[in-house]
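What follows is one structure encoded as structure tokens, with my remarks underneath.
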Amino acid sequence: MYNFKSLRCYNCKSVILNLPEAEISKLNGLNFQCECCGHQNLLTEFKFHEGTNNDPLLNILNFESLSSC
Ligand SMILES: [Zn+2]
7 MYNFKSLRCY
17 NCKSVILNLP
27 EAEISKLNGL
37 NFQCECCGHQ
47 NLLTEFKFHE
57 GTNNDPLLNI
67 LNFESLSSC
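This is the structure we're talking about:
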């Protein structure tokens, strides 16, 4: 039996991946870009955390989205 898990963007909570745990474990340590907000998500221990990609453009977008709230 497959136990599917939904992995959500750390920033906007939209679902990026929906895979069995066995498949997710193969992707551990990889970066994924959220299609919704464009943030980098690092997959560790079956959860997404803030990515390690320090792209200045992403930082600017992040700042703008924070200040517009
Ligand atoms: Zn997102």
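Terminal number for the sequence shown in the working numbering: 75, no gaps in between.
Ideal Cβ placement from N, Cα and C applies to all residues, glycine included.
Because the structure is a prediction, the values reported are computed rather than measured.
C-beta atoms of residue i and residue j nearer than 8 Å
i	j	result
phenylalanine 54	leucine 25	no
phenylalanine 3	glutamate 29	There is no way to answer for residue 3, as the model of the chain reaches only from 7 to 75.
cysteine 40	asparagine 47	yes
Reduced DSSP secondary structure (H/G/I, E/B, other) of residue i
i	result
leucine 53	Inspection of the sequence shows that residue 53 is occupied by lysine rather than by leucine. It is a strand residue.
glutamate 27	helix
lysine 32	helix
serine 20	coil
Residue i to residue j span [Cα, whole Å]
i	j	result
cysteine 18	cysteine 42	8 Å
serine 20	threonine 50	17 Å
serine 31	lysine 11	11 Å
leucine 36	glycine 57	9 Å
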